[in-house]
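Report on the following structure.
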Amino acid sequence: MINIVLFGKPGAGKGTQAEFLKGKYNLTHLSTGDIFRFNIKNETDLGQLARTFMDKGDLVPDEVTIKMLQSEVDKNQDSAGFLFDGFPRTIAQAQALDAFLATKNESITATIALEADDEILIQRLLERGKTSGRVDDQDEEKIRNRYQEYNDKTAPLMEYYQHQNKFYAVNGIGSIAEITNRLSSVIEKL
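In terms of numbering that gives the first Met the number 0, the sequence shown opens at residue 0 and continues consecutively.
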C-alpha cells in the first residue's frame, strides 16, 4: 500500500494533481476540502462547525478534521493506498495520522509539496473564486490569512517529514502535464 500526503498552499494545484494521481496509481483521494464541503452541503454537525472557521479563512480545528478523515479511511478499507490532500496541516495532525495508520499496520510513504510563489497563487485563487462561488477564494485578505496560517502551522511539517526521509518538494508552476510528470517521477522512485 502506498500512502502519499500532497500538500502546498491553497491554489497550488493539489486537487487538480490529485485527480491525475489517483487514477494513475489507483489511490483513494481524500481531500479535506471535499470532505468539508460534503459535510457543509449536507449540514452535518461537523459541517456546520467547519463552516464557521472556513468562512473566516481559518483552518478547521484538528479534532474536527481528524474525525472526518478517519471516517473516510474506514469507508475505504480495500483501497490500494491513499492520497491525502490538505491533510495533515499541522504537526499534531501528522502525529494523529501516523498513530491512526499504525492501528491499521500502515504508514505514510511520502509527502510531496507543490511549491509556488504566493503572488501567483493569490491570482489563481481570485480567478477560481469568480467561478467557484467559494467565499474564501474571493477575498484577498482572507487568502493572505490562509497563507499566514499555512506558514505558521503547515510549513513545519516539512521538517517533520524530512526527519523521516519522506519529504519531497516539486515545482508547482507549469502546465498541468509538466507538474504531473514531476510528481510521477517522485512517486515511481518510492
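Just so it is clear, CB atoms sit at the ideal spot from N, CA and C, and this is done for glycine as well.
DSSP beta-bridge partners of Val63:
Counting from 1 along the sequence shown, the entry for residue 63 is found at position 64. Here Val63 is not bridged, per DSSP, to any residue.
What are the start and end residues of the beta strand (DSSP E) that includes Ser30?
Numbered from its first residue, the sequence shown carries residue 30 at position 31. Note, Ser30: beta strand (DSSP E), Thr27 to Ser30.
Rounding to the nearest angstrom, what Cα-Cα distance links Arg123 and Asp77 in this structure?
Taking the sequence shown and counting its residues from 1, the one referred to as residue 123 is at position 124. Taking the sequence shown and counting its residues from 1, the one referred to as residue 77 is at position 78. Each residue's alpha carbon lies about 36 Å from the other.
Straight-line gap, Ala49 to Ala11 (C-alpha atoms, nearest Å):
Taking the first residue of the sequence shown as 1, we reach residue 49 at position 50. Taking the first residue of the sequence shown as 1, we reach residue 11 at position 12. Computed Cα separation, rounded: 22 Å.
Helix, strand or coil for Asn2, going by three-state DSSP, please let me know.
Counting from one through the sequence shown, the residue named residue 2 turns up at place 3. Looking at Asn2 - three-state DSSP - the assignment turns out to be strand.
From the DSSP output, in three-state form, read off Ala109 for me.
For the purposes of this step, residue 109 is taken as residue 110 along the sequence shown, with counting starting at 1. Of the three classes helix, strand and coil, the one that applies to Ala109 here is strand, per DSSP.
Report the start-end ranges of each alpha helix (DSSP H) in the segment 102-187 that is 4 residues or longer and not cut off at the edges.
117-131, 139-148, 155-161 and 175-186
Starting from Gly14 and walking both ways along the alpha helix (DSSP H), at which residues does that stretch end?
The residue given as residue 14 occupies position 15 in the sequence shown. Segment Lys13 to Tyr24, the alpha helix (DSSP H) holding Gly14.
How would you call Asp44, buried or exposed, if buried means at least 16 neighbouring beta carbons within 10 angstroms?
Translated into the one-based positions of the sequence shown, residue 44 becomes position 45. Under this definition Asp44 is an exposed residue.
Asp84, DSSP secondary structure in three states
As a working mapping, residue 84 is identified with position 85 in the sequence shown. Strand at Asp84.
Quick check on DSSP: helix, strand or coil for Gln76?
As a working note, residue 76 is residue 77 in the sequence shown. Three-state DSSP puts Gln76 in coil, outside helix and strand.
I need the straight-line Cα distance from Gln270 to Gln137, nearest angstrom please.
Outside the displayed span of the chain (0 to 189) sits residue 270, for which this structure offers no information.
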